[in-house]
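Chemist: Quick note: the sequence shown, position 476, residue 913 per this note's numbering, numbers continuous.
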Amino acid sequence: MLKRLLSQVGQWKWATVATPVFTALEVMMGVLIPYVTSWIIDRGIMAHDLAAVWRYGALMLAMALVSLTFGVLAGRFSALASTGFAANLRKTLFRHIQRFSFANIDKFSTAGLVTRLTTDVSNLQNAFQMLLRVSVRAPLNLIFSVLMCLFISGRLSIIFVVALIVLGFALYAIISRSVKLFNKVFEQYDELNTVVRENVAAIRVVKAFVREDFESGKFARAAGKLYNLFVKTESLQALNHPVMMIVVYSCIIALSWFGARLVVGGELTTGQLTSLFAYVMTILSALMMLSMIFVMLTMSAASARRIAQVLDEQPSIVGGDDASDARDGSVDFDNVSFRYSADGAEGSEGDYAISNINLHIAAGETIGIIGGTGCGKSTLAALISRLYDATEGTVKVGGVDVRQRDLTALRNHVVTVLQKNVLFSGSIIDNLRWGNRDATLDQCRRACETAQAMEFICTMPDGFDTHIEQGGANLSGGQRQRLCIARALLKRPKVLILDDATSACDTATDAAIGRGLAATLPGTTKIIIAQRIHSVAAANRIAVMKSGKIIAFATHERLLQSCDLYREIYTLQTQDNGDFDQPNK
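#1: Give me the Cα-Cα distance between L912 and I905, rounded to the nearest whole angstrom.
#2: Give the DSSP bridge partners of H904, in chain order.
#3: Please report the straight-line C-alpha distance between R924 and D867, rounded to a whole angstrom.
#4: Count the other CB atoms within 10 Å of the CB of G836; is the residue buried (16 or more) or exposed (fewer)?
#5: Considering only C-alpha positions, which residue in the set V464, I470, A955 and A524 is nearest to V509?
#6: Can you tell me whether Y664 is buried or exposed? The criterion is at least 16 other CB atoms within 10 Å of its CB, across all chains shown.
#7: Output the distance between the C-alpha atoms of A945 and H971, rounded to the nearest integer angstrom.
#8: Can you name the start and end residues of the alpha helix (DSSP H) that V464 belongs to?
#9: What residue does the beta strand (DSSP E) around M982 start on, and which one ends it?
#10: Would you mind reading off the limits of the alpha helix (DSSP H) that contains H993?
#11: Measure from the alpha carbon of T961 to the alpha carbon of each residue in M729, R870, T853 and R553, then state which is nearest.
#12: From G781 to V583, what does the alpha carbon distance come to, in whole angstroms?
#13: Count Cβ pairs between the segment 768-778 and the segment 741-752 that sit closer than 8 Å; are there 3 or more?
#14: Can you give the Cα-Cα distance for L676 and V571, rounded to whole angstroms?
#15: Would you call the CB atoms of G766 and A800 closer than 7 Å?
#16: Assign C921 to one of two classes, buried (16 or more other C-beta atoms within 10 Å of its C-beta) or exposed (fewer than that).
#17: Kindly give me the distance between the Cβ atoms of L579 and C586, rounded to whole angstroms, as I take these residues to be in contact under 8 Å.
#18: Here's a check: name, in chain order, each residue in its chain whose Cβ is nearer than 8 Å to the Cβ of A991, leaving out the five neighbours to either side.
#19: Assign H971 to one of three DSSP states: helix, strand, or coil.
#20: Does S913 come out as helix, strand or coil in the three-state DSSP assignment?
#21: For N858, does the three-state DSSP call read helix, strand or coil?
#22: Going by DSSP, what residue range makes up the alpha helix (DSSP H) through F770?
#23: Considering only DSSP beta bridges, list what G805 is partnered with.
#24: Under three-state DSSP, which class holds L958?
#25: Judging by CA-CA distance, which residue of G549, G985, S862 and T670 is the nearest neighbour of D788?
#26: Curious, which full-length beta strand (DSSP E) runs of at least 3 residues does the segment 626-682 contain?
#27: Give the range of the beta strand (DSSP E) segment to which S822 is assigned.
#28: Between F545 and A511, is the Cβ-Cβ spacing less than 7 Å?
#29: Go ahead and label K450 buried or exposed: buried means 16 or more other beta carbons lie within 10 angstroms of its beta carbon, across all protein chains shown.
#30: What separation, rounded to the nearest whole angstrom, lies between the Cα atoms of S475 and M733?
#31: Based on Cα-Cα distance, which residue from I542, S538, T555 and L568 lies nearest to L443?
#32: Which full runs of the alpha helix (DSSP H) of 4+ residues lie inside the segment 867-900, going along the chain?
#33: Going by DSSP in three states, T1026 sits in which element: helix, strand or coil?
#34: Go to T529, then tell me how far its alpha helix (DSSP H) extends in each direction, as first and last residue.
#35: Identify every residue that forms a DSSP beta bridge with D1024.
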C-alpha cells in the first residue's frame, strides 16, 4: 500500500528529496545558535569584552539568516511536493474510478468515494508534508540537542533523559487512546456526507413533502456524532500541552538548582547553563512534535487504507482485443442469465435478475421490451453494452461476443439512453457534443429535430448556448430526456437502446420521436424499453418480460391475440387510461 501511494509523488521526487536536506541544514544551524550564545555570555559579557560580543553576535546573526534561508527553501519544496503528491493521487484515483464497471461502483457509496477524493487525500497531503519537514526536524532537533547537552555537561544531561522517559510514557498513554477515536471519526464523515448528498440531490422531494425538519434532524444527529467524537479526541490531545509544561518547568527547576551548584563550583559557566536552558526547550518541543507526528500518521493511515481499497479494486469488466467496427447491429442473447451479489457486484449470491434469455435481433430491427417494474428490462439492456457481464451465457453484438470487444469500440457502437437522464453543467451544445466532440452546429440541430428538442431550444434566449445547471435542474424531465436522445444520436450508433427514455414525454412527442428515429436511423438496431404500449406498438417485434424471463416475443398484433399479459396491459392503458406497473390478477 505504502509503495503504491508513494509512487504518486511522480515528477515531484526532486522536491521530496530537497525538503529533508534543507530541513536538516536548517536544524544544524539552529542547534548551534544557543552554543554561540554561551560564547557571547562567557567570552564577551562576563569577560567585559565588547568586541567579542559584537563578533559572536554577528556570527549568531549570520547563522540565524542561513537557518532561515534553509527553512524557507524547505517550506517551499515541501509545499510543492505535498500538493503535487495530492494532485497526482486525486487524478489517479479519479481515473481509476472511471474504469470501474457498475458492479465496482456499487461496492462503494457515492459519499464514500467523494470523502476519499477530498478529506482522505487532504489528510494524506498534510501527513506527507509533515513527514518531509516535521518528521525530519523533530528527531534531528532531539538528537543534536541531546548531543550538545552531553558535550556541555554529561552530569546535567541525566535530567533530560529522565524528562524524556516521563514525557514519552505520558504522551503514549494519550495517543494510544486518541488513535481509536480517529478511526471512528472517518467512518462518521462518510455517514455525514451521505446525508448531505441525499438531501441536496433530492431537495425537490424534500420540499414537496415538507420534510425539511426531518432532514435537518437527521443531519444534526450525524453532525452530533461527529462532534462528540472530535470533542473526545481533542480533549485527549489537549492534555499534551499541560503534560509538556509540567515536564518543562520541572526540567527548568532541576537545571536551575543543579546548574547553579555547578556554576558556583566552577564546573560549569554561566553561558553554558544558559544554553542548556535553551536546549531543554528544544528537546521537549521536539518530543511534542514527534507525538503530533504519530497522531497525524495514525489519522492518515486510516485515510490511506480507504484510498488503497479503491486503488486495489480491480475493474470487474476488462475490454477484449477486438477494436474493429461492428459488422452490423445484430444482437444475440444465447441462454443468458444474470444475478447481483449481496455487495452489488456480479456474483453467485442472490436470485437471478434475468434467466435463460434467448433473444435474436436482426440488424436494423426495432424491438420493443415491455414488462412490469423489476422484471429485468434494464438489466437486459445493460448486458448489451457490458455495463454488467452475464453470469451465464453469451451476449453478442454484430456476431461477436461482447467480452471479446474493446470497451471503447463496443460502447461507440452500442449507445444507451439510460432511465435516469444526466446532463452536465455547461451549455446545451456542450452537452450534445458529449455524443460527438466534433459535431457541427448543423448536425446538432438535425439530431435535436429528430429528438423533438428544437421546439424548446428555439424558445430559449441563447438557443444552443443556453446554460444548463448541474443535473439539468433548469429543464423539465421531458426536455432532459429529449436532449439525452439527441446526444446519443450524434454518435450514429449501430445499436440504440432507449431505456424508458421517453417516459416524461407526452404521447404525441413520444410518437414523433419514434417516427424520427425510423427515418434518420434506418440501418440502426433500435431497442425500446418502455412501460407504455404506445411506445413500442410500432416496433417490428415486442418482447414481453415477467420475473426475469421473456414470456412472449412477437408483433403487436400477434401478442394481442396470444399473450394474456400483453393484452391485459393494452386493455388497462387504452381503455382505462391507466399506467402499467403490475397488472391485477
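Here a beta-carbon is modelled for each residue, glycine too, at the ideal position from N, C-alpha and C. Please read these numbers as outputs of a predicted model, since none were measured by experiment.
Modeler: Walking through what the data contain:
#1: 8 Å
#2: S864
#3: 10 Å
#4: exposed
#5: V464
#6: exposed
#7: Approximately 10 Å between the Cα atoms of the pair.
#8: K450 to W476
#9: R978 to K983
#10: First-last of the alpha helix (DSSP H) with H993: H993 to S999.
#11: T853
#12: Note that G781 has pLDDT 44, beneath the 50 cutoff, so the model's placement of it is unreliable and the number below is only indicative. Between G781 and V583, the C-alpha separation is close to 57 Å.
#13: By the Cβ rule, the segment 768-778 does not count as touching the segment 741-752, because fewer than three pairs are nearer than 8 Å.
#14: 21 Å
#15: yes
#16: buried
#17: Their Cβ separation, rounded to whole angstroms, is 11 Å, which puts L579 and C586 out of contact at 8 Å.
#18: R978, I979, S999 and C1000
#19: helix
#20: It is coil, neither helix nor strand.
#21: coil
#22: F770 -> not in any alpha helix (DSSP H); beta strand (DSSP E) instead, spanning V768 to R776.
#23: I965 and I979
#24: coil
#25: G985
#26: none
#27: Taken as a continuous stretch (DSSP letters only), S822 belongs to no beta strand (DSSP E), as it is neither H nor E.
#28: no
#29: Burial call: exposed.
#30: 36 Å
#31: L568
#32: 878-887 and 891-894
#33: Not covered by the structure: residue 1026. The range shown for the chain is 438 to 1022.
#34: L487 to Q535
#35: In the structure displayed, the chain extends from 438 to 1022; residue 1024 sits before or after that span and is not available.
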